[in-house]
Structure formats: C-alpha cells, structure tokens
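**Q**
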Amino acid sequence: MHDARLNPPRRLKDILADELFEAIPFNLAVIDRDFNVVQANRSFERHFGDWRGKKCYMVYKKLNRPCDDCPSAKVFAEGKVVVAESVGVDHSGQETHYIGHAAPLRRTADGPVEFVLEMTRNLTGARSWQQQYQVLFDRVPCYITVIDQEYRIVRANEAFRENFGDVMDRHCYEVYKRRTSRCPGCPAARTFNDGRVHRSNKIGTGLRGQDIHYAVTTSPLGRTRGPVKHVIEISNDVTAIKKLEHNVVEAERLAAVGQTVAGLAHSIKNILMGIEGGKYIVSLGLKKKDQTMITEGWEMLERNFNKTTTLVKDFLSFSKGRLPVLRMIDPRHPVTEIIELYKEVAGRSGIELRADLPKTVRKAPLDSDGIHTCLTNLVSNAIDACLMGEQKGSEVVVRLTDAGGKLIYEVVDNGSGIDYEIKKKIFTTFFTTKGGGGTGLGLLTTRKIVQEHGGKILVESLKGKGARFRMEFPRKRLMALLKSGNNIDADIKE
Amino acid sequence: MAKSAGKTILVVDDEADVRNFLRAALIEAGFNVILAEDGNAALDEVRKKKPDLISLDLVMPKKSGAKFHRELTKNKEWAKIPVIIVTGHARDDVGKSDLKELTMSGPGIYLEKPVKPTNYIAAIKKTLGMDTTEEEAKTAEMVELQNDLKNIIDDADPETLKKLKELINRKNK
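First to last, the protein sequences are chains A and B.
Everything in the first sequence is counted per our numbering, starting at 10 for the first residue and increasing by one.
Everything in the second sequence is counted per our numbering, starting at 4 for the first residue and increasing by one.
Listed below in structure tokens is the structure:
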C-alpha cells in the first residue's frame, strides 16, 4: 500500500541521485586519488567481481601494480575526460575488451579532482567479431582488395599480398598488371560509375613475373546510396584451372591428330585397294589380250589417282586453321547461291531442291565463304542421301529462320536417312558411307566452320525417313566475335 | 582349278572398284560371282540363291556388314555359309568393334584392305576346304599368321612389346 503521507513523492533530482547510478547500462566505478575503488554499480560488480577494499588495477586487470598507461591518472593530472580502449580480466578470469570513459569529479566547480568516474562498456563481442572478420578476410582462398576512387589499394588480404607483394597505396592496375594506366574494360570503373556488381576475366602478373589468371568481381563497399567511395575487388585465381583446360585441349588435339592419322591411313588403304584392283585387271587384260578388261582396269587406276587428288585437297582445306572473316551480309545470300548451283544437278536426278527463306531478315556478321562451304557439304550430302533412298518424289529443302536471337540454317531431305550406328560416327574424321564418292571430311569441315562462328550443328534423322541438319548461330556471339576478334580476355557482361 | 567351278561367291562391298576387282580375281580362279553393294542387296541375293561363301565388307551405308551378318545367322540354313571379311576398318574405332563381334561369332578369317588377289583366292579356297596348290596353302597360312600377329601386336601393351624387342635383340647377338 502506498501512503503519500509516510512516503512523500521524490523530486526528479532525488530520483536521479538515487537510481541513475544503477540504471545506466554501463559498468560504473568511482576511484579516489589512490586508485581505491570507492563506489561501483551492480553491473560493474557482475562483470569484474568484488571490488570492495581493492585498487582499480586489481579489479580491472587482476594486477598488483598500477597500469603503465593509466587513463585515470591522466584525468587526475589534467582534469579532462579521457577515453581509452583497454583489455582486462573479468570476474571469471576471461579476457575482456572494453572502452572506458573516465571523467573528473570535483566537490567544488574549481576545486581539485578528487574522484574519477569510470564508465566502461564491454566490447568483447564486437572485438571477437572483428578478429574473426580479419581472419576471414585474410584466409579466404581468393584475392581481396579495396580500392579508392584513385584506384589505389587501401586494403589487401594475405592471399593477395603473398602473390602480389607489398601493395598498399599503389595503383591496382600497377599491382595486378604492371601497367601505368587503367586497364581497358576495367570492371571497378564500371562499379564506381553505376554502383553495381561487375565481373571480368583477366590475366595479371604475379610477384615472380608469372601469369595469374583470375576472375574478378567488383562491388561497391557498403550498401548506402550515393557515390561509390570504395570498391571491393574479389578475385578467384583460376590459373590452375586454365592450366588444366590447356592440358585437356592439348590432349584432345593429340587425340585428334591420332584419329586423323588413322583416318588418313584408312583413306589411303582404300585408294591402294583400288590401285591394286586396277593393276590386276589391266595385267589380266594384257595377258588375255582383252581390250575391255584393259580399259576397265585403266579407268579404275585413273579414278583412284583422282581420289588421291581430292583427298589431298580436302585434307589441306580442313587442316587450314583459318579464322572466319566476318562481314555483315544478308544471311539469305549463301542459300540462294547454293540453290542456283545445285538445282540443275539435283533436277537431273529427279530431286527437287528448293529454298525456304524469310521475306526480310536482318544482316548478320558471317563468313560467306565458310557458310557457302557448309551449305555445299550439307546439300550435296542430302542429294546423295536422296539418291540412296528408295523414295519417289525426293526433295531437299534449305531453310533459313531468324528467331530467338539465333540464325538457323536447316538442310532437310527425305532421303535414306542415317541410322543410329552411323549417326555416332558422322562427325568422325574420314568416316564415309559413300563408298568411292567421299573422303569423309565434309561434315567435319562443316562442323569446324560452324564452331568457329560460335555456333553448333545438330542432326536429326531416322533411318529411311530422311535427315535434318541444323546449324545454329546465336546472333549475340556473332556480334561479339565481330567486335572482339575471338578475344579470350573478353569481359563477361552481367 | 577344276573344283572351283560351280562354287558361287557373293561379294558384298559398297565400292564398285573393289567389287570389280574381287570379281575379276574370282572369275580368274574359276568361281561364279554375284555382287551386292550393301547389306540389303546382299540379303536379297542370298534369298535368291544361297552362295557357297560370302566375301563381306564391314562399313557400308544402309546395312553394315555386322548387321547383315546378324540377320544372316538368324536363319539356320544361312548361318552355315562361310564368311570372310575384307575391310579397311580392321583396326580403327569405326570397324574394330564390329570386327570383334564377327570374328567371335563365326567368320574366322579377315583380310585387311588393300588385299592381293593371290592372298584373297588362297584364303577363300582354304575356307571352302578346297584343294590348293602348295603355294596357295602356304599363302593362306601366311595370311592367317599375319592376322594373328597383327591382333597380338594390336592388343599388346607397349611395355610387353618393349620386353619382347629386348629379348629378340639379345638372341640375335
């Protein structure tokens, strides 16, 4: 029960005097000039333990002598507030980080400082986070740097320093690439500009002059709006992966050489077989004085000599490592040319060859000779397939579509089709089912040209139901090829 | 040669030059010859008249040699027809698995292109169990030995080959 007469309401000043000391969420302690703790709040006691009759250094740090750099001594001497961060020992013996605010207490306004009020706040949690963050920053297995608006490195992690040396305050382009000016297509510049994340693949130079391949991500430091003051660059070292990729390419190249040599040997074996046969039939004819036989054998010899010529020509054109020469052309042109070229030949064999083209189509960067070669190969294959098939009313359609950002050429026939076993092999060097008619390089050359354009070639076929060869060229890639000229160091756009 | 007469050989190969070559050699040796340019045509010919032996290429359009052989052996009567393989793909990825399947399942003899007429005829006569001249018998044996050696060398690992070479060198010293 509250009785106002027995307990009159306190004035605010009294409330503060009575309770503020306990209510403030800090550890409070008052010490005298001899460093005796003369008063402390419960929060202080909970944290540092019993204080009564003890010196402050005994309580804060569990020491037997005053601290070397005592902030309170300074307050007694200078009469001003001192703020300092310290490491002490708490009641349970654990290390504790705290920030202390030491203020002078006087009995009169101009009197001497008789006591110091020490307000300390525990920072142990924050400091341990900070330490963990520092360890993370240093030990994370990628390079991290922070650069300012002048592209100077203001922070760098351990991994970065190990590979690039002492880098503080140096320009990032100097450190990463030994350049004297900013790199072209700098992703950090874009981040400073638009405040967004950017990525890029680069090759830098390490401390020992070695190439370091890295994939860098730049992002603004901090999440506030307004101009970006610092950019954090996080780079993954992909040198080892690049090396592996290189090894794989090399291994594939060697395998391809092996395959090519085996294929070449096979082609030559076939030709030798023809020559062997021609030789034999000519000699039989001579023995029997049979003119028809001699002619037959001689023709065999001639055919196989010609095959050698074709083989060598195809072989050379395949091995020629020419990069596509891209020009902005109407993608319909090569189709029209091929139709004109083959229409008559096809017609003579009862095959209808026709084009299916869009009414309008945007120009695209293509190597017209290359596309011409591809279409020639596919159309002549299609005609051969129709000749081999048993169907009547054979037709070959060359179709161009421009949809979904892709230019697509299709050569569709309703000829003999390709069965599964052969489909697995059609892109193999020198594989041919045309008997004497092919060298087995046509589709391989076609695929090579398509790949050089950044495209891909697909085949759909069921035996006896014709085939559809499809060459897809993403317009984006064609444009990128045109701009950069096959640049591996090209930036990856977001 | 007299016994060759009356025996019919079916030559299956997609290359006209090869067909004509083998036909000339066979006719010269006194055989009757039927030609087929792929597995389908070959099956048609077998249906019309069962040959005494089939000379078979492996890699052909429409129906490959292996597929043809699979169908051939489904028929009990046809399965007995001896087959010899004449191929250019004996040792590459395109033909190797087919050849293995065929040599395991029946035809024991294969000839690798380019073939010489004498080897070809000798191999055919031997397969048919016909009388051969001493020279022909010797040739056929040589062909078989050659094939066996080729297979062994193809399957051997380089280390073993190295050891063999060392052994031979030591003996020759």
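C-beta atoms are modelled at their ideal positions from N, C-alpha and C, and glycine is treated no differently.
These numbers were taken from a predicted model, which means no experiment stands behind them.
DSSP on V176 (chain A), reduced to helix/strand/coil?
**A** In the first sequence, counting from the first residue as 1, residue 176 (chain A) sits at position 167. DSSP places V176 (chain A) in coil when its eight states are reduced to three.
**Q** Kindly confirm or deny that the region 312–322 of chain A and the region 350–358 of chain A touch, where touching means at least three C-beta pairs closer than 8 Å.
**A** No, they do not touch.
**Q** Using a Cβ cut-off of 9 Å (strictly closer), state whether M4 (chain B) contacts chain A.
**A** Residue mapping note: residue 4 (chain B) aligns to position 1 of the second sequence, counting from 1. At M4 (chain B) the pLDDT is 44, less than 50, meaning the model places this residue with poor confidence; the figure from the coordinates comes in the next sentence. False, the Cβ-Cβ gap to chain A never drops below 9 Å.
**Q** Closest Cβ-Cβ distance between K119 (chain B) and chain A: below 9 Å?
**A** In the second sequence, the residue the question calls residue 119 (chain B) occupies position 116. Chain A contact via Cβ: present.
**Q** Does any residue of chain A have a CB that is nearer than 9 Å to the CB of A27 (chain B)?
**A** Here residue 27 (chain B) refers to the residue found at position 24 of the second sequence. So, interface residue.
**Q** Within the continuous beta strand (DSSP E) that includes S95 (chain A), where are the two ends?
**A** As a position in the first sequence, residue 95 (chain A) is number 86, starting the count at 1. 91–98 is the span of the beta strand (DSSP E), which, as asked, contains S95 (chain A).
**Q** Taking the alpha-carbon positions, what's the L13 (chain B) to Y418 (chain A) distance?
**A** For this step, residue 13 (chain B) is matched to residue 10 along the second sequence. For this step, residue 418 (chain A) is matched to residue 409 along the first sequence. Computed Cα separation, rounded: 43 Å.
**Q** For the region 203–218 of chain A against the region 123–132 of chain A, do three or more pairs of beta-carbon atoms, one drawn from each stretch, fall closer than 8 Å, so that the two count as touching?
**A** Not touching, per the Cβ criterion.
**Q** Could you name the residues of chain A that F24 (chain B) contacts, counting a contact when the two beta carbons are closer than 8 Å?
**A** Numbered from 1 along the second sequence, position 21 holds the residue referred to as residue 24 (chain B). What F24 (chain B) touches in chain A: M282, G283, E285, G286, G287, Y289, I290, M309.
**Q** If you check the beta carbons only, do V184 (chain A) and F173 (chain A) fall under 9 Å apart?
**A** Stepping through the first sequence from its first residue, residue 184 (chain A) is reached at position 175. Stepping through the first sequence from its first residue, residue 173 (chain A) is reached at position 164. In contact: V184 (chain A) and F173 (chain A) (Cβ atoms closer than 9 Å).
**Q** Do we get a CB-CB distance below 9 Å when we pair V21 (chain B) with the residues of chain A?
**A** If you number the second sequence from 1, residue 21 (chain B) lands on position 18. V21 (chain B) counts as touching chain A.
**Q** Keeping to the same chain, check which residues put their C-beta closer than 7 Å to that of Y107 (chain A); ignore five residues upstream and five downstream.
**A** Translated into the one-based positions of the first sequence, residue 107 (chain A) becomes position 98. Once the five neighbours on either side are set aside, the close Cβ partners of Y107 (chain A) are S95, G97, T129, R130, N131, L132.
**Q** With a threshold of 16 other CB atoms inside 10 Å of the CB of I127 (chain B), please say whether the residue is buried or exposed.
**A** Position 124 of the second sequence, counted from the first residue, corresponds to residue 127 (chain B). I127 (chain B) should be labelled buried.
**Q** Could you list which residues in chain B have their beta carbon closer than 8 Å to that of R312 (chain A), in chain order?
**A** What you label residue 312 (chain A) is simply residue 303 of the first sequence in a count that begins at 1. Near R312 (chain A) (Cβ distances below 8 Å), the residues of chain B are D20.
**Q** Can you tell which of A:G286, A:V225, A:S101 has the C-alpha that lies nearest to the C-alpha of Y152 (chain A)?
**A** For this step, residue 152 (chain A) is matched to residue 143 along the first sequence. Comparing Cα positions, the closest option is A:V225.
**Q** My output table needs one value for I212 (chain A): the three-state DSSP class, helix, strand or coil.
**A** To locate residue 212 (chain A), count along the first sequence from 1; it is residue 203. Strand at I212 (chain A).
**Q** Flag this pair as yes or no: are the beta carbons of V459 (chain A) and C383 (chain A) separated by less than 9 Å?
**A** Translated into the one-based positions of the first sequence, residue 459 (chain A) becomes position 450. Translated into the one-based positions of the first sequence, residue 383 (chain A) becomes position 374. The answer is yes: Cβ separation under 9 Å.
**Q** Tell me the DSSP secondary structure of S190 (chain A) in three-state form.
**A** Looking up residue 190 (chain A) in the first sequence gives position 181. In the structure shown, S190 (chain A) sits in coil (DSSP, three-state: anything other than H, G, I, E or B).
**Q** Who pairs with K465 (chain A) in a beta bridge, going by DSSP?
**A** The sequence position of residue 465 (chain A) within the first sequence is 456, counting from 1. Its beta-bridge partners are A:E481.
**Q** Would you list the one or two residues that DSSP bridges to Q48 (chain A)?
**A** Sequence index remark: in the first sequence, residue 48 (chain A) carries index 39 (1-based). Its beta-bridge partners are A:V39.
**Q** Would you mind giving the Cβ-Cβ distance between D393 (chain A) and A476 (chain A), rounded to the nearest angstrom? I have them listed as a contact below 8 Å.
**A** For the purposes of this step, residue 393 (chain A) is identified with residue 384 of the first sequence, where counting begins at 1. For the purposes of this step, residue 476 (chain A) is identified with residue 467 of the first sequence, where counting begins at 1. Actually they do not touch by this definition, with Cβ atoms about 11 Å apart.
**Q** From the DSSP output, which residues share a beta bridge with E127 (chain A)?
**A** Within the first sequence, the letter at position 118 stands for residue 127 (chain A). Answer is A:A38, A:A111.
**Q** Could you pull the start and end residues of the beta strand (DSSP E) that P374 (chain A) belongs to?
**A** For the purposes of this step, residue 374 (chain A) is taken as residue 365 along the first sequence, with counting starting at 1. From DSSP, the beta strand (DSSP E) with P374 (chain A) extends over 373–375.
**Q** For R74 (chain A), which of helix, strand or coil comes out of DSSP?
**A** In the first sequence, residue 74 (chain A) corresponds to position 65, counting from 1. Coil at R74 (chain A), not helix or strand.
**Q** CA-CA distance, G379 (chain A) and K372 (chain A)?
**A** Indexing the first sequence from 1 puts residue 379 (chain A) at position 370. Indexing the first sequence from 1 puts residue 372 (chain A) at position 363. Each residue's alpha carbon lies about 16 Å from the other.
**Q** With DSSP collapsed to three states, give me the class of M337 (chain A).
**A** For the purposes of this step, residue 337 (chain A) is taken as residue 328 along the first sequence, with counting starting at 1. Note: M337 (chain A) maps to strand in three-state DSSP.
**Q** Three-state secondary structure (DSSP) at K66 (chain B)?
**A** Position 63 of the second sequence, counted from the start, is the residue given in the question as residue 66 (chain B). K66 (chain B): coil per DSSP, three-state reduction.
**Q** Given that G91 (chain B) touches chain A, what residues does it touch there, using C-beta distances under 8 Å?
**A** Within the second sequence, numbered from 1, the residue matching residue 91 (chain B) stands at position 88. Per Cβ cutoff of 8 Å: H275, K278, N279, M282.
**Q** State the Cα-Cα distance for the pair D27 (chain A) and N73 (chain A), rounded to the nearest angstrom.
**A** Walking along the first sequence from the start, residue 27 (chain A) turns up at place 18. Walking along the first sequence from the start, residue 73 (chain A) turns up at place 64. The straight-line gap from Cα to Cα measures roughly 33 Å.
**Q** Pull up the distance between the alpha-carbon of I280 (chain A) and that of K288 (chain A), whole angstroms please.
**A** In the first sequence, the residue the question calls residue 280 (chain A) occupies position 271. In the first sequence, the residue the question calls residue 288 (chain A) occupies position 279. Looking at the two C-alpha atoms, the distance is approximately 12 Å.
**Q** For a contact meaning CB atoms closer than 9 Å, what does E74 (chain B) contact in chain A?
**A** Within the second sequence, the letter at position 71 stands for residue 74 (chain B). Those within 9 Å of E74 (chain B) in chain A number zero; the least Cβ separation is about 14 Å.
**Q** If we require 4 or more residues per run, which alpha helix (DSSP H) segments fall completely within the region 374–423 of chain A?
**A** Runs found: 377–397.
**Q** Can you tell me whether D17 (chain B) is buried or exposed? The criterion is at least 16 other CB atoms within 10 Å of its CB, across all chains shown.
**A** Here residue 17 (chain B) corresponds to residue number 14 of the second sequence, with the count starting at 1. Result: buried.
**Q** So R199 (chain A) is in the alpha helix (DSSP H); what residue range does that whole segment cover?
**A** The sequence position of residue 199 (chain A) within the first sequence is 190, counting from 1. From DSSP, the alpha helix (DSSP H) with R199 (chain A) extends over 196–203.
**Q** Among residues of its own chain, excluding the 5 on either side of D147 (chain A), which ones have a beta-carbon nearer than 7 Å to its beta-carbon?
**A** Position 138 of the first sequence, counted from the start, is the residue given in the question as residue 147 (chain A). Here the set comprises N166, E167.
**Q** Please decide whether P138 (chain B) counts as near chain A, where near means a Cβ-Cβ distance under 9 Å.
**A** Taking the second sequence and counting its residues from 1, one reaches residue 138 (chain B) at position 135. Per the sequence presented here, residue 138 (chain B) reads as Glu, with Pro not at that position. Judged by the 9 Å Cβ criterion, E138 (chain B) is not in contact with chain A.
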